[in-house]
Amino acid sequence: MRFEFYSAVHTGRARSNNEDTVVVDPDVAVAVLADGMGGYNAGEVASEMAAGRVKQMLGMWLREHEAISDAALREAIVMSAEAANQAVFDAATSVPAYAGMGTTLVIAAFRDSQVHVGHVGDSRGYRLRAGRLEQLTRDHSLLQEQIDAGLITPEEAAMSMNRNLVTRAVGVEPSVELELHAHELRDGDTVLLCSDGLSDMLPDDRIEDVLRGHEALDVAGEALIEAANLAGGRDNISLILVRASGGASVPAKSWWPFKR
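First residue of the sequence shown: 21, per the working numbering; consecutive thereafter.
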């Protein structure tokens, strides 16, 4: 299976600085998105540090291990997230200007007919299949916990003032728990990774409409950013789009004797 990548970051209409980072490594089919938080410039430092560390570590490991099991890939993704967490935490606790900084993180590693998506915080992963959008991640946020507990409805959550309170983030504690799941991919599927600067501005059905209306990934990405800005653009907007095409690769079979 082949994968086409597109990524973009926009400051938005309300912010003067950008704290989101996106990195892609098409050679090993890995995409990483991080949305930083903290004092002036600290959020930008956290997101760049985390995304860069994951890309470096995971990319290096994948280049050294061409044939890997799902279990080994999952372990490599988790280890790269832990290394990113340690790097951000060490900087936040040793440099006064970076005190309290952290970042969300979403990692997508594509292999044959699957994508392994790991995330921390409220940056999201989606899959568009046959024109239907499905959220692959579940926010690590106060609002999501309240929704799960039945305290508020999703409609009430959309209007809440607590939309940006995450319950899990990279770099704020000595260790972090990455939530990681594998999802099937088919020919024509599109995977979207995005920060809350997109998902807070546009409901899922609007994101779906925009993706359905634009075939080319760069045009679709630009249209999503424009729509988020038209809806207010209250935060930095970052996204990665990945299109899957073709079938899964099939291992070559060796000859073996057989009975008639």
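Quick reminder that beta carbons are idealized off the backbone N, C-alpha and C, glycines included. A quick note: this is a predicted structure, and the numbers were derived from the prediction, not measured.
Q.
Going by DSSP, what residue range makes up the beta strand (DSSP E) through T113?
A. Taking the first residue of the sequence shown as 1, we reach residue 113 at position 93. First-last for T113: D90 to S114, but that is the alpha helix (DSSP H), not the beta strand (DSSP E).
Q | Beta carbon of G101 nearer than 9 Å to that of V196 | A | Position 81 of the sequence shown, counting from 1, holds the residue named residue 101. Position 176 of the sequence shown, counting from 1, holds the residue named residue 196. Reading off the sequence shown, one finds Ala at residue 101, where the question assumed Gly. For A101 and V196, yes; Cβs fall inside 9 Å.
Q: Please determine if the stretch 211-225 and the stretch 103-121 are in contact, where contact requires at least 3 C-beta pairs separated by less than 8 Å.
A: no
Q. Distance, Cα to Cα, H234 vs E242?
A. Against the sequence shown, residue 234 aligns to sequence position 214. Against the sequence shown, residue 242 aligns to sequence position 222. Each residue's Cα considered, the two are about 10 Å apart.
Q. Tell me which same chain residues have a C-beta within less than 8 Å of the C-beta of A34, skipping the five on either side of it?
A. Within the sequence shown, the letter at position 14 stands for residue 34. Contacts found: G252, G253, R254 and D255.
Q. Thinking C-beta only, is L212 closer than 9 Å to R144?
A. The residue labelled residue 144 in the question sits at position 124 within the sequence shown. The residue labelled residue 212 in the question sits at position 192 within the sequence shown. Yes.
Q) Taking Cβ to Cβ, would you say A189 is nearer than 9 Å to V137? A) Position 169 of the sequence shown, counted from the start, is the residue given in the question as residue 189. Position 117 of the sequence shown, counted from the start, is the residue given in the question as residue 137. Taking 9 Å as the Cβ cut-off, A189 and V137 do not qualify as a contacting pair.
Q. By how many angstroms is the C-alpha of V48 removed from the C-alpha of A54?
A. Against the sequence shown, residue 54 aligns to sequence position 34. Against the sequence shown, residue 48 aligns to sequence position 28. Rounded to the nearest angstrom, the two C-alpha atoms are 19 Å apart.
**Q.** For T31, three-class secondary structure by DSSP
**A.** Residue 31 sits at position 11 when you count from the first residue of the sequence shown. In the structure shown, T31 sits in coil (DSSP, three-state: anything other than H, G, I, E or B).
Q) In chain order, which continuous runs of the beta strand (DSSP E) of length 3 or greater are located wholly inside the stretch 144-227? A) 144-149, 152-155, 199-204 and 210-214
Q: Report yes or no: do three or more beta-carbon pairs, one from the stretch 152-163 and one from the stretch 70-86, lie closer than 8 Å?
A: no
Q: Using the Cα positions of E193 and F109, report the straight-line distance between them to the nearest angstrom.
A: Taking the first residue of the sequence shown as position 1, residue 193 is located at position 173. Taking the first residue of the sequence shown as position 1, residue 109 is located at position 89. Rounded to the nearest angstrom, the two C-alpha atoms are 7 Å apart.
Q. For the beta strand (DSSP E) that D45 lies in, which residues bound it at each end?
A. Here the question's residue 45 lines up with position 25 in the sequence shown. D45 -> beta strand (DSSP E) spans D40 to D45.
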